[in-house]
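What follows is one structure encoded as C-alpha cells, with my remarks underneath.
There are 4 protein chains.
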Amino acid sequence: MSKPAGCKRWSVAEGHLAKRAGDAEPDGANDVLWLLNASAHEAHVEIMVYFEHRVPAGPYRLTLLPERSRRVRWQDLEGPEPLPIGTDFASVIESDVPIVVQYTRVSPGGTGAMTTIAHWERCGM
Amino acid sequence: MSKPAGCKRWSVAEGHLAKRAGDAEPDGANDVLWLLNASAHEAHVEIMVYFEHRVPAGPYRLTLLPERSRRVRWQDLEGPEPLPIGTDFASVIESDVPIVVQYTRVSPGGTGAMTTIAHWERCGM
Amino acid sequence: MSKPAGCKRWSVAEGHLAKRAGDAEPDGANDVLWLLNASAHEAHVEIMVYFEHRVPAGPYRLTLLPERSRRVRWQDLEGPEPLPIGTDFASVIESDVPIVVQYTRVSPGGTGAMTTIAHWERCGM
Amino acid sequence: MSKPAGCKRWSVAEGHLAKRAGDAEPDGANDVLWLLNASAHEAHVEIMVYFEHRVPAGPYRLTLLPERSRRVRWQDLEGPEPLPIGTDFASVIESDVPIVVQYTRVSPGGTGAMTTIAHWERCGM
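Chains as they are written, first to last, in my numbering: chain F, 1 to 125; chain A, 126 to 250; chain X, 251 to 375; chain G, 376 to 500.
Structure follows, in C-alpha cells:
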C-alpha cells in the first residue's frame with residue numbers, strides 16, 4: 001500500500017478556549033481541530049499549547065484509530081493540567097504516523113465561521 | 126508544454142453532508158469541493174471519505190475533463206454506497222494527473238462562509 | 251540581496267464574477283486576488299481562467315511594480331475576451347519573478363468573508 | 376531536542392489598518408497576525424509592509440520569547456514610521472529562528488471572520 005496521506009507535525013498559531021469548559025463564548029465562538037488519520041495504524045498524537053504570558057501546557061495526548069477522522073474541541077483535551085480558559089494560545093500537533101490537521105472556528109450567533117489548513121512539515125516519512 | 130499546475134493527492138480534514146441529500150442544513154450550510162484540472166488530460170479522481178465511528182466509504186470516482194474546473198457537492202458523489210448524512214467526515218482526494226483542490230462551506234442564513242486550500246502532496250510528478 | 255519572497259505559480263480553485271461587471275452580486279459577494287511582488291523587479295503575471303462548461307479564457311496579463319502589492323478584482327482583468335459573468339471558475343496565476351497570491355471573498359450584506367492562501371509551486375527559482 | 380516547528384519566512388498578501396490607530400474600522404474589521412515561537416530561543420522578527428502606491432515601510436521589529444505565542448495587531452507595530460492607515464497592504468515576516476504565522480480578520484458587526492495560514496518558506500533550516 002502506498003504511503004498514507006499527511007504529515008507528522010502540524011502547527012496552528014491561533015486558538016481560544018471558551019470561558020466555561022464545554023460551553024461556547026458569549027459570541028458563540030467554538031474552536032475545533034479536525035484530525036484525519038488515513039493510515040492503517042493507530043496515530044499517537046501529542047499536542048503542545050503555547051501562550052503569550054506563561055509556560056507551555058502539555059503534552060495533551062490523543063489516539064486516532066486507523067482510517068478514522070475526529071473533531072476535537074480544546075475542552076476535550078485531557079492532559080497534565082486543564083487548559084487555561086478565556087486565553088489565546090497556539091498549538092503544535094505531532095503524530096507518530098502521518099495525519100492531516102485543519103483548524104476551524106464557528107460562531108453561530110457571532111462573527112461567522114473561518115477555517116484554515118494548518119502548517120504542515122515532516123511529510124514523506 | 127510545461128508541467129500542469131497542481132498535485133496528485135489532497136486532503137481535507139473537515140466535511141459534513143446536509144441532512145437531506147440535495148438540501149442544505151437547517152442553518153443553510155453547504156460544503157463544496159472546488160476541483161481544477163488545468164492539464165491537457167482527463168483526470169481520474171478517487172475520493173475516500175473517513176468517519177469517526179465507522180469504516181471509510183469509497184472510493185467515489187469523478188472524471189475531470191482537460192482544462193476544466195468543477196464544483197462538487199458531497200451529495201453529488203456517486204459511489205459504492207450513499208454518503209452517510211448528518212455526519213462529520215474527512216476526505217482524501219487522489220488523481221492520476223495534477224489537480225488543485227479547495228474546500229468551501231457557505232451558510233447563507235447561518236454562520237457565514239469559510240474556505241481553505243486543501244493539504245497537498247505528490248506534486249511535481 | 252537574498253531571494254525575494256514567494257513562488258512563480260499559484261492556483262485558486264474557486265472564483266466567481268458578479269453579474270454586472272464592476273458591481274457585486276445580489277448578496278454583495280466580491281472576489282479579490284491579493285498579489286504581492288516583494289522583489290526588486292517588475293513581475294509579469296499571466297492569469298488563465300478555467301470553467302466547467304467551456305474552454306479556458308486568457309491569458310489575462312498584469313504587471314506588478316517592484317516592491318508593491320495589489321488588490322485585483324476579476325472585473326479588473328483585461329485580456330483577449332471579457333470574463334464570463336455569473337459563472338464559477340478557477341485560475342492559475344504565473345509570474346516571471348516570485349510573487350505571493352491570496353484569494354478573498356467578502357459579502358458585506360451576505361454570507362460573510364473568507365480567505366485562503368493560494369496553492370503555491372515553482373518556488374526557490 | 377528536535378528542530379522547532381515552523382519556518383523563517385512567511386508572507387501575507389492582504390492587510391488593512393483601521394482608520395484610527397487602536398480602533399476598528401466602521402464595520403468593525405480588525406486584522407491580526409498570530410505568531411508562534413515554539414523554539415527554545417528568542418525569535419527576532421522583522422516585518423516589511425508593501426503597498427500599491429508607495430514604497431515599502433519597515434522593517435518593523437518584534438521579539439518573540441522562547442516557547443511563547445503572540446497576537447499582533449497592525450497598530451501594535453512600532454518601527455521607522457507609523458503604518459499608513461485606511462490603506463491596503465501586504466507583508467513579509469522574517470525570523471532568525473523558525474516560527475509559525477497565521478493571518479486573521481474579525482468583523483464582529485460586519486462581514487464575519489476569516490483566517491488563513493500564511494505562505495511559508497525557508498523551512499528546515
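All C-beta atoms, glycine included, are put in the ideal place defined by N, C-alpha and C.
Alpha carbon of residue i to alpha carbon of residue j, nearest angstrom
{"i": "residue 101(F)", "j": "residue 405(G)", "result": "26 angstroms"}
{"i": "residue 379(G)", "j": "residue 294(X)", "result": "36 angstroms"}
{"i": "residue 66(F)", "j": "residue 347(X)", "result": "43 angstroms"}
{"i": "residue 14(F)", "j": "residue 161(A)", "result": "30 angstroms"}
{"i": "residue 60(F)", "j": "residue 298(X)", "result": "45 angstroms"}
{"i": "residue 320(X)", "j": "residue 79(F)", "result": "46 angstroms"}
{"i": "residue 377(G)", "j": "residue 7(F)", "result": "16 angstroms"}
{"i": "residue 367(X)", "j": "residue 353(X)", "result": "6 angstroms"}
{"i": "residue 231(A)", "j": "residue 111(F)", "result": "14 angstroms"}
{"i": "residue 303(X)", "j": "residue 494(G)", "result": "32 angstroms"}
{"i": "residue 159(A)", "j": "residue 189(A)", "result": "11 angstroms"}
{"i": "residue 443(G)", "j": "residue 341(X)", "result": "38 angstroms"}
{"i": "residue 339(G)", "j": "residue 246(A)", "result": "The displayed coordinates of chain G run from 376 to 500. Any statement about residue 339(G) would go beyond what the structure contains."}
{"i": "residue 187(A)", "j": "residue 249(A)", "result": "22 angstroms"}
{"i": "residue 42(F)", "j": "residue 115(F)", "result": "26 angstroms"}
{"i": "residue 197(A)", "j": "residue 447(G)", "result": "37 angstroms"}
Neighbourhood of residue i by C-beta distance below 6 angstroms, restricted to the same chain and skipping five residues each side
{"i": "residue 211(A)", "result": "144"}
{"i": "residue 469(G)", "result": "384, 421"}
{"i": "residue 301(X)", "result": "339"}
{"i": "residue 238(A)", "result": "231"}
Proximity test, Cβ basis, 8 angstroms: residue i and chain G
{"i": "residue 34(F)", "result": "no"}
{"i": "residue 111(F)", "result": "yes"}
{"i": "residue 289(X)", "result": "no"}
{"i": "residue 4(F)", "result": "no"}
{"i": "residue 45(F)", "result": "no"}
{"i": "residue 92(F)", "result": "yes"}
{"i": "residue 324(X)", "result": "no"}
{"i": "residue 313(X)", "result": "no"}
Contacts around residue i, its chain only, beta-carbon distance under 8 angstroms, and the 5 residues preceding and following it disregarded
{"i": "residue 142(A)", "result": "156, 199, 200, 208, 209, 210, 211, 212, 214"}
{"i": "residue 308(X)", "result": "296, 297, 298, 299, 329, 330"}
Below-8 angstroms beta-carbon distance, residue i vs any chain F residue
{"i": "residue 138(A)", "result": "yes"}
{"i": "residue 453(G)", "result": "no"}
{"i": "residue 167(A)", "result": "no"}
{"i": "residue 472(G)", "result": "no"}
{"i": "residue 180(A)", "result": "yes"}
{"i": "residue 213(A)", "result": "yes"}
{"i": "residue 446(G)", "result": "yes"}
Which of helix, strand or coil DSSP assigns to residue i
{"i": "residue 363(X)", "result": "strand"}
{"i": "residue 4(F)", "result": "coil"}
Any chain X beta carbon closer than 8 angstroms to residue i
{"i": "residue 116(F)", "result": "yes"}
{"i": "residue 393(G)", "result": "no"}
{"i": "residue 435(G)", "result": "no"}
{"i": "residue 192(A)", "result": "yes"}
{"i": "residue 225(A)", "result": "yes"}
Nonlocal neighbours in the same chain, by C-beta distance under 7 angstroms from residue i, ignoring five residues either side
{"i": "residue 289(X)", "result": "254, 316, 347, 348"}
{"i": "residue 431(G)", "result": "423, 424, 425"}
{"i": "residue 452(G)", "result": "422, 435, 458"}
Within-8 angstroms CB hit, residue i to chain A
{"i": "residue 357(X)", "result": "yes"}
{"i": "residue 259(X)", "result": "yes"}
Interface residues of chain C facing residue i [CB-CB closer than 8 angstroms]
{"i": "residue 81(F)", "result": "Any reference to chain C falls outside this structure, whose protein chains are F, A, X and G."}
inquiry  = So within the region 14 to 94 of chain F, which uninterrupted beta strand (DSSP E) runs reach at least 3 residues, ignoring any that extend past its ends?
reply    = 30 to 37, 43 to 50, 57 to 64, 68 to 73
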